[in-house]
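Position in the sequence shown (from 1) plus 1041 gives the number in my numbering.
C-beta atoms are modelled at their ideal positions from N, C-alpha and C, and glycine is treated no differently.
A short write-up of the structure that comes next.
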Amino acid sequence: MRKIELLAPAKNLETGIAAINYGADAVYIGAPKFGARAAVGNTLEDIGELIKYAHQYWAKVFITMNTILYDNELKEAEALIHQLYKLGADALIVQDMGILEMDLPPIELHASTQTHNFDLERIQFLEKAGFKRIILARELSLEQIKEIRANTSVDLEYFVNGALCVCLSGQCYFSHAISGRSANRGECSQACRMKYNLEDADGNILAKDQHLLSLKDLNLSNEITDIVNAGICSLKIEGRLKNISYIKNITSHYSEKLDEAIHKNKELERASSGHTEVNFKPDPERTFNRGFTPYFFKGRIPEIANFFSPKSLGKEVGKIIAVRKDHFLVKSKYPLHNGDGLCFFNKNKLLKGIQVNGVKGDKIYPNDMSMICDGVTLYRNNDHEFAKELKQDKSTRKIAIDILLEQKENQISLHITDENGVSASNFLSENFELAKNEELAQANITKQLSKLGDSIYDLNSIRLNLQNTPFIQTKVLNNLRRKTLDDLTSNRIKLAQNKGSRPLISHPKFYADKITYMGNVSNCKAEDFYRKCGVENIEKAFELQKNFDGKTIMITKHCLRYEFGKCPKTIKSIEDKPGPLYLVDNNRKYSLEFNCQRCEMKVVLMPK
């Protein structure tokens, strides 16, 4: 059986527990330092609590330490890795190759998407270097994934939902160039969500004040079967900054989708134990989203970006069909409620928002009528009722168990076995009086042993194998049940403990004779690693340089030539061949360069 994992983000302990409760087979969470979301570091105590909770279900906890490191941080990072290992962390997600030169404990290493895992030769190199898993670039198509799978044996992880970085991961220096906040250090200022003009060489403005680099959010809900069949072992949800309601909704949705895919293929199974029955219908459109795109999964498609807003749109609900003095009429696909937040694009393509103060049939009374436009499409970006439903839902994950109480001579034994075959037993050795009413006594025994309360277990069956039904006090039965359940949980956690071996770090021949600043070499250990791999010419990381003029600060598959109908592959007339293009903001001008062979666009920082 091939195990398939749903991997969910954890902003903190609370969201990590929610992710597991709502169907995640693993979660990834930021270490106290050195994670690619600097704003969501977690204490070692909280990480330890999450690991203990997850291991009850045989779910795993991966720790993100995926920033580049400076020389003065190496000792602290190494010590932190050992602390995380002692807590029981199942794997470490890293970007910096300097970590491979440290004295590491026997912890599994995953190559972060920040290591730029797009080209096959890069992925093969990382596999040979000692990584147990490679987190693939979001830009890869289904066919590219199949090719990678056919030519590697390493575990492969792939994003299925969430925000998209427009730049190839690990290759974005835009934020650091303009603000000093490095994406490779977990401090991205999200320059890609800002407004820009698009200009030609003559200064003609082709697009004004638009969010030209702001991508929609990824949603591969309908592609799960193809992704799994292509050889992906872990389906990753993005969102370590998202709140608990988002985690409940999105994790539940993809857990259902993964179960459907596994049901179709009897050679697959979930990577962890237990099941959750949620009390709401999951729907990704009803929580934060910028509109959805499958990105490049089935090849290049238009409109992968939303040029008009980087904000959440939510779900399309209908159109405004008439405007009155204090209300408007809407032709809605879904019921609207007091407290809903609605938004729409006005005639100038500006996103406007209103709050619903009252609803009477198809009449909507908003808090502000001044922005209302007849005929526009409405989106609900704050679904009041759904948000309340998610907040109130306290679904828990349960592991099925079978209970057997049997009697041998003067000994009463309780055996509990879970759905994975893990068991625990306890015994009572004393002379019990025979029950005066055998039927009533057996009913009471069954009742007390079935009381699983707020435990992580769900009763599948209970069987009594008694020679002569004894009278056992309720208190004695309850203590026996509690102790045996506690022992079962302890046994499960022990079996879940990481028994990994020390990473087999090697130094395979690197596929190039030079590493530019895009190799993100920011410390002496990373430099040592690459020199052992045969690289002599190593440029310092972008963050260690002083002059950025003329440097490529972004490489992306998102192509503005293509989006504006100027792709050379589709233009036949020589006169229509595109000339130079530039992005312009209030402070700088950026040259756009196009590598049509690789179907990529570069953003180059021009001198002021």
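Under the criterion of beta carbons closer than 8 Å, Leu-1209 and Ala-1178 qualify as touching, at roughly 6 Å. A direct Cα-Cα distance of roughly 41 Å separates Glu-1055 from Ile-1556. Between the C-alpha atoms of Asn-1564 and Asn-1588 there is a straight-line separation of about 19 Å. Counted as a single uninterrupted DSSP element, the stretch harbouring Asn-1245 is not any alpha helix (DSSP H), since DSSP gives it neither H nor E.
Thr-1105 is positioned such that its CB atom lies closer than 7 Å to that of Gly-1076.
In the DSSP assignment, Ser-1275 falls within the beta strand (DSSP E) that extends over 1275–1278.
Per the Cβ contact rule, the segment 1329–1348 is not in contact with the segment 1060–1068 (fewer than 3 Cβ pairs under 8 Å).
Per the Cβ contact rule, the segment 1463–1477 is in contact with the segment 1517–1530 (3 or more Cβ pairs under 8 Å). Boundaries of the beta strand (DSSP E) harbouring His-1456: 1452–1459, taken from the DSSP string. The alpha carbon of Ile-1058 has as its nearest neighbour, out of Leu-1183, Leu-1181, Ile-1092, the alpha carbon of Ile-1092. Approximately 22 Å separates the beta-carbon atoms of Lys-1127 and Val-1081; this is outside 8 Å, ruling out the contact. Here Asp-1499 has Lys-1439, Ala-1441 as same chain residues with Cβ atoms under 6 Å from its own Cβ, once five neighbours each way along the sequence are excluded. The DSSP assignment places 1356–1364, 1369–1373, 1382–1386, 1392–1401, 1404–1407 as complete runs of the beta strand (DSSP E) inside the segment 1337–1412, in order along the chain (cut-off: 3 residues).
Closest in alpha carbon position to Lys-1643, among Lys-1598, Pro-1376, Ile-1273, is Lys-1598. At least 7 Å separates the beta-carbon of Ala-1067 from that of Lys-1044. Per DSSP, Tyr-1098 has no beta-bridge partner at all.
In the DSSP assignment, no residue is bridged to His-1599. Here the segment 1210–1222 lies against the segment 1590–1597, with 3 or more beta-carbon pairs under 8 Å apart.
Put simply, of Leu-1253, Gln-1136, Lys-1116 the residue whose alpha carbon is nearest the alpha carbon of Glu-1604 is Leu-1253. Sequence-distant Cβ neighbours of Ser-1194 in its own chain, meaning closer than 8 Å and more than five residues away, are Glu-1168.
Pairing Val-1400 with Lys-1613, the inter-Cα distance amounts to about 54 Å. In this structure the segment 1365–1379 does not lie against the segment 1337–1352, because fewer than three pairs of beta carbons, one per stretch, are closer than 8 Å. According to the DSSP assignment, Lys-1044 belongs to the beta strand (DSSP E) that extends over 1043–1051. Between Arg-1078 and Ile-1546, the alpha-carbon positions lie close to 27 Å from each other. Between the segment 1352–1360 and the segment 1411–1426 there are three or more inter-stretch CB-CB distances shorter than 8 Å, so the stretches are counted as touching. Here Met-1642 is bridged, per DSSP, to Thr-1597, Phe-1635.
Cβ neighbours of Thr-1292 within its own chain (closer than 6 Å, five residues either side excluded): Ala-1049, Ala-1060, Tyr-1063, Gly-1064, Ala-1065. Proximity to Lys-1257 across Phe-1348, Ser-1454, Glu-1318 peaks at Phe-1348, based on C-alpha coordinates. In this structure, Ile-1164 sits away from Asn-1561, with a CB-CB distance that is not shorter than 7 Å.
Judged by DSSP in its simplified three-state form, Lys-1249 adopts strand. Per DSSP, the unbroken alpha helix (DSSP H) holding Ser-1286 starts and ends at 1285–1305. Every beta strand (DSSP E) of 3 residues or more that sits fully in the segment 1108–1148 is shown, in chain order, as 1132–1135.
Of the candidates Cys-1608, Asp-1626, Asn-1628, Met-1559, Met-1559 places its Cα closest to the Cα of Asn-1225. Boundaries of the alpha helix (DSSP H) around Gly-1057: 1054–1062.
Tyr-1069 is positioned such that its CB atom lies no closer than 7 Å to that of Ser-1313. With 16 or more other CB atoms across the displayed protein chains lying within 10 angstroms of its CB, His-1096 is buried.
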